[in-house]
Amino acid sequence: MMDHETIKRAYAILSPVYDFLFDKVFYPGRVAAINLLEIQPGDRVLEVGVGTGLNLPLYPRDCDVTGVDISEGMLRKADERVRTYGMTNAKLMVMDASKLEFPDNSFDRVIATYVISAVPDPVKTLLEMRRVCKPSGHLVILNHFKSDNPIIGMFEKLLAPVCTKIGFDTELKLMPLLERVALAPEQLHRVNLMNGWRLVRCINP
Ligand SMILES: C[S@@+](CC[C@H](N)C(=O)[O-])C[C@H]1O[C@@H](n2cnc3c(N)ncnc32)[C@H](O)[C@@H]1O
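If you read the sequence shown in numbering that gives the first Met the number 0, its first letter stands for residue 0, the second for the next number, and so on.
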């Protein structure tokens with residue numbers, strides 16, 4: 000398990016090449032995830048672990064997007080993207096996802112893409128996402144979770160050493176995680192290459 004300082008160092012190194020590695024292959028999941036948020040005009044949206052902001056151009060312009068991340072290196076790239084796209088509705092903040100500095104019920108929509116297995120404490124992070132999301136708000140998570148499929152399991156094993164190097168927990172399972180934070184999937188989809196990533200929407204109780 001990586002601590003925050005190690006994560007910051009890892010993503011400072013990764014940030015210049017992140018878009019090259021994580022843009023194209025993971026793009027279908029991004030589009031599906033933003034669509035699943037079903038953002039309404041005027042909604043306040045929080046993106047946790049926004050990284051270099053690859054999702055930012057996908058948000059409608061008539062909502063307010065706040066992106067938080069622990070890595071300043073990743074946020075610098077996100078900031079460049081905000082400027083490039085002239086996104087006056089987007090705000091970026093350095094913040095730990097497991098200690099969100101927002102009052103309860105601050106957002107209509109909360110999303111984390113390719114993040115929940117990359118944070119040191121997925122349970123705390125999800126509890127924080129729940130806390131800052133309004134009741135009946137949408138929580139969307141897009142991530143790879145440990146599969147029960149033996150073929151995908153084989154690929155997971157092959158990729159595990161690389162994944163753990165950049166802080167991904169390859170053992171994380173979706174349903175036990177959701178149960179621990181008292182969330183139930185309202186919609187569940189499979190996306191990206193070989194349908195290997197799970198896209199889940201929960202309605203905040
Ligand atoms: C694989 S990247 C995903 C970035 C982005 N969500 C995307 O879809 O491309 C994981 C991100 O989680 C961030 N992260 C890891 N631990 C975090 C924490 N405790 N709080 C906030 N962000 C964190 C990393 O800095 C990194 O930007």
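We put the beta carbon where it would ideally sit given N, CA and C, even for glycine.
Small disclaimer: the values here were computed from a predicted structure and weren't measured.
**OP:** Taking only the alpha-carbon atoms, compute the straight-line gap between Ile165 and Pro102 and give it to the nearest angstrom.
**Re:** Approximately 31 Å between the Cα atoms of the pair.
Original post:
Under 6 Å from any heavy atom of ligand 1, does the C-beta of Thr163 make it?
Top reply: In this structure, the C-beta of Thr163 stays at least 6 Å away from each heavy atom of ligand 1.
Original post:
How many angstroms separate the CA atom of Leu182 from the CA atom of Ile140?
Top reply: Between Leu182 and Ile140, the alpha-carbon positions lie close to 12 Å from each other.
Subject >> Contact under 7 Å by Cβ, Arg108 with Ile151 >> reply: Against a cut-off of 7 Å, the Cβ pair of Ile151 and Arg108 comes out as no contact.
**OP:** Please state if the CB of Arg80 and the CB of Gly50 are separated by a distance shorter than 7 Å.
**Re:** In terms of Cβ geometry, Gly50 and Arg80 do not form a close pair [threshold 7 Å].
Subject >> Cβ shell of Cys162 (< 7 Å), same chain only, five flanking positions each side left out >> reply: Closer than 7 Å at the Cβ level, and outside the excluded window around Cys162, lie Thr169.
**OP:** Note down the Cα distance separating Ala31 from Thr83, rounded to an integer number of angstroms.
**Re:** Cα to Cα, the separation comes out at about 23 Å.
Original post:
Name the DSSP bridge partner or partners of Cys201?
Top reply: Under the DSSP definition of a beta bridge, Cys201 partners with Leu138.
Original post:
Do the region 108–121 and the region 88–98 make contact, defined as three or more Cβ pairs closer than 8 Å?
Top reply: Counting C-beta pairs closer than 8 Å gives three or more between the region 108–121 and the region 88–98, which meets the contact rule.
Subject >> Val190: first and last residue of the uninterrupted beta strand (DSSP E) it sits in >> reply: In the DSSP assignment, Val190 falls within the unbroken beta strand (DSSP E) covering 186–190.
Original post:
Expressed to the nearest angstrom, what Euclidean distance is found between the alpha-carbon atoms of Ala9 and Val24?
Top reply: Roughly 21 Å separates the two Cα atoms.
**OP:** Give a single yes or no on whether Val114 has its beta carbon closer than 6 Å to a heavy atom of ligand 1.
**Re:** Annotation for Val114 indicates a beta carbon within 6 Å of some heavy atom of ligand 1.
Subject >> Collapsed DSSP secondary structure at Arg108 in the structure displayed >> reply: In the structure shown, Arg108 adopts extended strand secondary structure according to DSSP, grouped into three states.
Original post:
Under the rule that 16 or more other beta-carbon atoms within 10 Å means buried, what is Phe19, buried or exposed?
Top reply: Label assigned to Phe19: exposed.
Original post:
How far does the alpha helix (DSSP H) with Gly152 in it reach, from first residue to last?
Top reply: From DSSP, the alpha helix (DSSP H) with Gly152 extends over 149–164.
**OP:** Specify the secondary structure class of Glu127 as computed by DSSP and reduced to three states.
**Re:** Glu127: helix per DSSP, three-state reduction.
Subject >> CA nearest to the CA of Tyr26, picked from Asp2, Leu177, Asn142, Glu185 >> reply: The option with the nearest alpha carbon to Tyr26 is Asn142.
Original post:
Since Val114 contacts Gly48 with CB under 8 Å, what's their CB separation in whole angstroms?
Top reply: Indeed, because the Cβ distance is near 3 Å, the residues count as touching under 8 Å.
**OP:** Please report the Cβ distance between His3 and Ile69, rounded to the nearest whole angstrom; I am assuming they are in contact, meaning their Cβ atoms lie under 8 Å.
**Re:** Sure, about 6 Å apart at Cβ, within 8 Å.
Original post:
Rounded to a whole number of angstroms, what is the C-alpha to C-alpha distance between Leu35 and Arg200?
Top reply: Going from the Cα of Leu35 to the Cα of Arg200 covers about 7 Å.
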